[in-house]
Structure formats: C-alpha cells, structure tokens
Amino acid sequence: MTLNLVLLQPLVALFAGILILAIPRLLNYIVAIYLILAGIAGLWPHMFR
6 MTLNLVLLQP LVALFAGILI LAIPRLLNYI VAIYLILAGI AGLWPHMFR
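Here's what the structure looks like:
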C-alpha cells in the first residue's frame, strides 16, 4: 500500500482533530505544524525546476 498525499492529508486532519478535542491548548501548535507541512508539500514539486 502506498501512502500518497491525497490519503495523508485527511489522516493528519483526523489525528489533529482528535488531539484538539483531547487537549485544547495544543490547537496553536497543531495548526501551525499542519500549515507548515501543507505548505512544504505544496511547494515541494516546484522547488527543483
């Protein structure tokens, strides 16, 4: 089974949602890390042109 970006993003969102419900103070860190990773994933194909 290959784990591609289309499958990875919903899994990360689900995991982050569960963590936010369990520990609401983590919201800032979870959102920041998710945005950084989503930005890197979006820019990655364009970095090596």
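In the working numbering, the protein residues as written are 6 to 54.
Yeah, the Cβ is synthetic: ideal placement off N, Cα and C, and Gly gets one too.
| task | Using the Cα positions of residue 46 and residue 27, report the straight-line distance between them to the nearest angstrom. | result | Straight-line Cα distance between these residues: approximately 27 angstroms.
Fill in: Closest residue to residue 38 among 11, 17, 12 (Cα-Cα distance)
Comparing alpha-carbon positions, the option among 11, 17, 12 lying closest to residue 38 turns out to be 17.
Pull up the CB-CB distance for residue 31 and residue 24, whole angstroms please, since I reckon it's below 8 angstroms. The C-beta distance from residue 31 to residue 24 rounds to 6 angstroms, short enough to fall under 8 angstroms.
Coarse secondary structure for residue 53, derived from DSSP in three states: In the structure shown, residue 53 sits in coil (DSSP, three-state: anything other than H, G, I, E or B).
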